[in-house]
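Residue numbers (the working numbering): 92 to 407.
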């Protein structure tokens with residue numbers, strides 16, 4: 092009995108490494124997956140970098156909306172870089188070993204960038220609300236100083252939440268298996284490895300999820316409720332179509348991002364299969380960042396025109 096107790100204590104206190112299983116359950120496809128994810132990652136980097144470039148150099152895009160879009164593109168680059176290079180390395184080497192502290196760091200940065208995106212999408216909804224519902228005072232209220240302050244708050248205000256969430260997860264005792272059946276250190280799969288009763292920790296996750304995800308989402312819903320109400324009052328059909336077109340890209344991104352994030356972080360230790368959990372995570376960590384630049388560029392004439400001008404300058 093005494094030996095068992097010592098062994099149990101040893102398993103809890105000496106765990107200094109995790110193993111990310113990733114996609115090891117389909118080993119025959121690891122080269123195919125590596126190629127697909129490498130192309131996706133490079134595409135995300137390239138497309139978002141182009142958006143940042145055109146929103147910086149094109150004089151027609153020096154407005155609050157495109158300032159926020161450029162910041163969102165930079166945030167997307169940071170967001171995917173937290174997970175995808177590590178995932179590519181694991182697919183290449185077929186080894187998923189990650190140290191305890193590297194795992195904690197990955198979770199911290201993922202939570203930081205993901206939470207910042209939630210707040211930045213809320214800021215963008217507020218910007219559209221001001222532009223459509225209060226157009227006469229829009230540029231006065233949404234001046235460059237205010238835009239910079241809103242972006243800064245979106246970045247800085249999430250640090251306490253990300254630090255607190257990471258610390259409370261990694262202060263838990265871990266025993267038994269150190270294998271994480273996932274492709275990065277996310278809260279649900281790491282929490283499954285914790286020993287004992289984690290009810291309090293799960294409650295904290297829910298509270299923070301409500302603060303970071305649900306509250307901004309409700310603010311976005313309220314903003315768009317007022318936006319749609321204002322658009323319907325427009326006398327011109329052309330004006331209504333233009334206003335809906337301007338807002339639709341952002342609304343599509345919001346629905347995709349918040350929908351999958353909510354599903355992922357409200358399941359936690361549920362009975363859903365780990366394969367489904369990986370699929371949901373792939374959706375909001377890989378697919379959505381890939382779709383965002385496409386959604387914003389294809390549905391935005393100003394960006395399309397700016398891209399044509401840039402290509403013309405490069406080719407001539």
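Where is the CB? At the ideal position from N, CA and C, for every residue including glycine.
Annotation for residue 111: the continuous beta strand (DSSP E) segment containing it runs 108 to 111. Excluding the 5 residues flanking it on each side, residue 321 has same chain C-beta neighbours closer than 6 Å at 223, 224, in chain order.
Per DSSP, the beta bridge partners of residue 188 are 110. CA-CA distance, residue 347 to residue 299, rounds to 20 Å. Contact between residue 398 and residue 145 holds, with the beta-carbon distance rounding to 6 Å and staying under 8 Å. In the displayed model, residue 154 falls within coil according to three-state DSSP, outside both helix and strand. By alpha-carbon distance to residue 287, the top candidate from 265, 276, 278 is 265. Taking C-beta separations shorter than 7 Å and ignoring five residues to either side along the sequence, the partners of residue 209 in its chain run 303, 304, 307, following chain order. Annotated as distal: residue 159 and residue 221, with beta-carbon spacing of 7 Å or more. Put simply, of 187, 406, 401, 324 the residue whose alpha carbon is nearest the alpha carbon of residue 121 is 187. Counting only the Cα atoms, residue 345 lies some 20 Å from residue 332. Residue 116 counts as exposed, since fewer than 16 other beta carbons sit within 10 angstroms of its beta carbon.
Contact between residue 393 and residue 193 is ruled out by a C-beta separation of about 41 Å, above the 8 Å threshold. Taken in chain order, the unbroken stretches of alpha helix (DSSP H) that lie wholly in the region 246 to 282 and span 4 residues or more are 250 to 261, 278 to 282. Contact annotation, residue 401 with residue 271: C-beta distance approximately 42 Å; criterion of less than 8 Å not satisfied. Residue 163 holds the alpha-carbon nearest to the alpha-carbon of residue 139 among 128, 163, 124. In the DSSP annotation of this structure, residue 287 is not part of any alpha helix (DSSP H), being labelled neither H nor E.
For the pair residue 280 and residue 377, the Cα-to-Cα distance works out to about 18 Å. In this structure residue 198 does not touch residue 131 by the C-beta definition: roughly 22 Å separates them, more than the 8 Å allowed.
Per the coordinates, the alpha-carbon of residue 285 lies some 34 Å from the alpha-carbon of residue 213. For residue 139, the uninterrupted alpha helix (DSSP H) run begins and ends at 121 to 148, by DSSP.
Classified as buried, residue 292 has 16 or more neighbouring CB atoms from the shown chains inside 10 Å of its CB.
Ranked by Cα distance from residue 353, the first of 269, 133, 374, 155 is 374.
Non-local beta-carbon contacts of residue 190 in its own chain, meaning distances under 6 Å to residues more than five positions away in sequence, involve 108 in chain order. If you compare the alpha carbons of 275, 219, 289 with that of residue 176, the shortest gap goes to 275. Note on geometry: alpha-carbon atoms of residue 256 and residue 207 lie some 15 Å from one another. For residue 117, the secondary structure class from DSSP, reduced to helix, strand or coil, is coil.
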